[in-house]
Every structure is written in structure tokens, then in C-alpha cells.
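Have a look at the structure below before the remarks.
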Amino acid sequence: MIKVLKFGGTSVGSAKNMKMVADIVTSEKATVTVLSAMSGTTDSLVRISSLSTQANKRSEIAETIDMLREKYSTCINQLLDSHKGEALAKMESVLELISNESDNFREYTSERLILSQGELLTSAIFAMYMQEIGRKAVLLNAPDFMRTDEDQKVDTALLEKKINELVDDKETFYITQGFICTNHRGEIDNLGRGGSDYSAALIGGALNADEVQVWTDIDGMHNNDPRVVEGTYPIHKMSFDEAAELAYFGAKILHPATIQPCKDKDIPVFLKNTMDPAAEGTKISDEDDETRIFHAVAAKDNITVIRIYSTRMLMAYGFLRRVFEVFEKYRTPIDMITTAEVSVSLTVDNTSHLDEIEKELASFGKIEVEQDNTIVCLVGNLEHSQKGLAATIMNSIHGIPLKMISYGASHRSIAMLVDTKYKKEMMQSMNDKLFGKENHA
Ligand code: ASP
Ligand code: MG
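Sequence positions in the sequence shown follow our numbering and run 1104 to 1544.
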């Protein structure tokens, strides 16, 4: 049985938690263990990188490095014994590298190098601990097998070849870093924030694993965002498509790209809680939960809506293509779209080229742009043929003004756009009316 286990920042956030992770890794007989950096590390490294580009920030950078030294040395001192000296030396060399890169900051290259250090140090410490407690543990350097091309796509063929060469002993616990990779220029890079889940899924796919387990600090995917809404509950079973949709539309527990490599090879993904390993968690597989209509709600903030009003659209063909070409030119994905006869509304979350896009779209007609919106996405068995479904959903959010509604292609989800100020009220109201006790007994 090949298992790939991934642990998030909180799971490895202290010596105490790392010990729990070691227990889980051992009892699960994990083939490969993929680790994030200790919680808060990547944020600190992002801060160091951004301070490095500003004048007169030396003391703030030094303070942040000291804070990391404090965090990691505390963990090392509490966790390790015979490997303590080696781990502290590793930590100092990492901190020195960060400080040097910050002093001689090269745009992009230094930032990526600095950001990779959290995972590298955390995984090194954990591997030493595993060895210290008598496990046969080997630390693998993810940038050796995780490589991306110019479009930041992972070379899965290379990954498959390399990882299968490296992982060849059933008795060994292989430990590696999530998130980091080597880019097409041969420099260290990363898969984007929260990308460790994706690393684990790719490794699981490449090894043709029997399962991938993603360990965090909550007991699986909930039916609604527990940080926003009261009375949520964990979902035990969910389909790949649903999980992908929820992750994409804001469920923070899973990186949105995670599902695809596992879906492709039909590898179930288990979401588990490091703080409560006995809790059932969530199983994501090709099995759907047919017993309920409404499965879950997720929300994605910082959405910008762009409306294009154009009488030239009236009965014309090729209009949408020209609109889409503008977004394509600026590599900006569109999330939602609705059209009427003389207007199109679309949403984006990447606004880095918004000004240019707006300028080009202006040639089509009148343009309106509104920021601070949220997409609230409801997933479930929302069959087109079901009577009264739309009415039930609309009743559950009675009184909330909607800016856009998108329901159609998948009959698995309905996405609604609202001003972010209504998000909490809307999600709570949906939770109470669509997911009340009687709906999930
Ligand atoms: N440490 C990285 C981050 O904070 C990657 C991850 O945790 O998945 O974004
Ligand atoms: Mg994460």
C-alpha cells in the first residue's frame, strides 16, 4: 500500500505537534511524507522579501530573522537530542542565506529562494527527529524531482520517472518538502501559496499511490466555512468534482489544484485532523453522496466584477470572442460570466492587469468595474430536472441583493455574486435554511 501524507504548517508548527506527526506517519506507514513550513514561516519570508526591496528596512528584516531563529531553535531544542547541534547549524546556515539574499536582493530569484527555506528547514528537522526515534527516514530534495516549465506547469513525466527511482524501499519513510520546485531556468521556485497540497497530490499521482492524506488542523471539509458561519459540520464523503469546486471557490482546507492529479488516477484523498487523528475526516473519491441535495457552500472574496454594455452586441456574432481575447492577452482567468442581449458581466480575482483590460474593453462600449465582491458557491446534486430547486435556494437567501447568478453547465453547483458586506449573512442564512439538522441527520 502506497500512501502519501501531507502535513500543513500548524501540524508541524511546534515540537509537540511534530511528535504527533511522527506518530501518525509511523502508524499509517506513510511511504512519502510531504511537509509545509512551520506555521507563519512563509508569511515571514514573504515579509523579508518585500522589505528587501525597500530602503532603510534592515532592522525590520533583522528582527524578522531573529523571530524565525527563536521559533526554530525553540522547536529544535524541545524536539531533538543527538541531532540538536546538526539542526541548529542547519538553521543558522538557512538564516544566513536568507540574510545574504536579502542584502543582495535579485528580483524574483531571491524572493523564490528565500520562500523555499521554510519547507527545506522544517523537513530537515523532521527527518532528523524520525531518525532519532529509530525510524529509517530519508530526506528527499523536492527541487530534484519537481520541475516546472515556462508556463509554471509541473513536468509530471519527469516527476514520475525520478520519484519512482528515489522511492524504492518499502521500509523507509521518505520525507520531502511541499510547495517548492525548480523552474525552467534551473532556479528554485514554488507552486504558489498553499501549494504543498498540490505537491502531495502530484507525488501521489506519480507513484500511483493507493491514497493521499492531507492532514490539517480541522476535522475535514465542512459543509460551510467554519470561520464565518456557526453550526457547520464535517462532510465525510465527497466527489472529486465537488471538492475541486469547493477548493476553487474558497474552501481554505485544500489547494484548488490538488484534486486533478488524484482524480486522473482515481486516488482517494483523505482530509484528516492532526490534532484529532481518530476523527473520521473527509474522503474525496469518485463516489458521490446521493442522499442529500445540498452538500456544501464555499466563498471566494476579492472578486472584481466587470460589466460591458454594448449595443454592438445586439444580434452580433464574435462579440464574446473579442471580449475573451482581451482577458487572454493579459492571462487573466474569468471565474463567472453571465450575458444578456446588450451586456456581459464577468468576474476576475486577478486584478494585476485590470487597468489595461479596462482600457481595451472600453472600445466595445460602456464599462463598469466594481471591487470587493464575493462569489458564494453552493454545490450538491442540483439536477436541472428537479422542480423547485431554484426557489428553495433563493428563499434561503431572501433579502440579500445578488449581482450575478451562474447555474448551468455542471448541475453540481450554483455560483452567486454579492457585495462582500452581505457574505456572512448570506452564508449563515444558507446554512440555517439549507443545512439545518433535518437535512443532514
Ligand atoms: N508554506 C507554504 C505557504 O504557506 C506552502 C503551504 O503551506 O502549502 O503557502
Ligand atoms: Mg494549506
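Here a beta-carbon is modelled for each residue, glycine too, at the ideal position from N, C-alpha and C.
- Every unbroken stretch of the beta strand (DSSP E) spanning 3 or more residues and falling wholly within the segment 1207-1285 is given here in chain order: 1240-1243, 1276-1280 and 1283-1285.
- In the DSSP assignment, lysine 1368 falls outside any beta strand (DSSP E) and carries neither an H nor an E.
- Under the three-state reduction of DSSP output, threonine 1377 falls in the coil class, being neither helix nor strand.
- When DSSP assignments are scanned along the segment 1286-1342, the uninterrupted stretches of alpha helix (DSSP H) that are 4 or more residues long and fall wholly within it turn out to be 1299-1309.
- For alanine 1518, the enclosing beta strand (DSSP E) has its first and last residue at 1516-1522.
- Of the candidates Ala1125, Thr1212 and Ile1228, the residue whose Cα lies closest to the Cα of lysine 1174 is Ile1228.
- Taking the Cβ atoms as the reference, glutamate 1274 lies roughly 6 Å from lysine 1239, within the contact range of under 8 Å.
- In the three-state reduction of the DSSP assignment, lysine 1132 falls in the coil class, being assigned neither a helical nor a strand state.
- The continuous alpha helix (DSSP H) containing alanine 1493 extends over residues 1492-1499.
- Rounded to the nearest angstrom, the Cβ distance from threonine 1319 to asparagine 1326 is 16 Å, too far for a contact under 8 Å.
- Scanning Gly1539, Arg1515 and Pro1504 for the CA closest to the CA of aspartate 1522 turns up Pro1504.
- Straight across, the Cα-Cα distance linking phenylalanine 1467 with tyrosine 1412 is about 8 Å.
- Taking the Cβ atoms as the reference, alanine 1354 lies roughly 11 Å from threonine 1361, outside the contact range of under 8 Å.
- Collapsing the DSSP output to three states places leucine 1108 in a strand.
- Here DSSP, grouped into helix, strand and coil, assigns alanine 1402 to strand.
- Sequence-distant Cβ neighbours of histidine 1186 in its own chain, meaning closer than 6 Å and more than five residues away, are Met1231 and Glu1235.
- Contact annotation: aspartate 1328 and methionine 1530 have beta-carbon atoms nearer than 8 Å.
- Per the coordinates, the alpha-carbon of serine 1205 lies some 29 Å from the alpha-carbon of glutamine 1181.
- In this structure, serine 1142 sits near threonine 1113, with a CB-CB distance shorter than 8 Å.
- Here arginine 1415 is exposed. Its C-beta has fewer than 16 other C-beta atoms within 10 Å.
- Taking all protein chains shown into account, alanine 1493 has fewer than 16 neighbouring C-beta atoms within 10 Å of its C-beta and is therefore exposed.
- In the structure shown, the three-state DSSP call for serine 1152 is helix.
- Shown here for leucine 1357: same chain residues with a beta carbon closer than 6 Å to its own, the five before and five after excluded, namely Asp1300 and Ala1350 in chain order.
- Short of 8 Å from the beta carbon of leucine 1154, and not among the five residues preceding or following it, lie these beta carbons of its own chain, in chain order: Lys1160, Glu1163, Ile1164, Thr1167 and Ser1205.
- A distance criterion of 7 Å places the beta-carbon of glycine 1221 in contact range of ligand 1, judged by its closest non-hydrogen atom.
- In the three-state reduction of the DSSP assignment, asparagine 1476 falls in the strand class.
- Distance from the Cα of valine 1451 is smallest, within the candidate group Glu1486, Arg1410 and Leu1423, for Arg1410.
- If you check the CB distance, serine 1147 and methionine 1170 come in under 8 Å.
- For serine 1509, the enclosing beta strand (DSSP E) begins and ends at 1507-1510.
- Look at alanine 1360: its beta carbon is at least 7 Å from all of the heavy atoms in ligand 1.
- DSSP places leucine 1198 within a helical segment (H, G or I) once states are collapsed to three.
- At a Cβ-Cβ threshold of 8 Å, arginine 1515 and glutamate 1348 count as neighbours.
- CA-to-CA, the gap between alanine 1245 and threonine 1279 works out to about 6 Å.
- Taking every protein chain shown into account, the CB of glutamine 1220 has 16 or more other CB atoms within 10 angstroms, so this residue is buried.
- Annotated three-state conformation of arginine 1410 is strand, per DSSP.
- Between phenylalanine 1282 and serine 1302, the C-beta gap is smaller than 8 Å, which places the two residues in contact.
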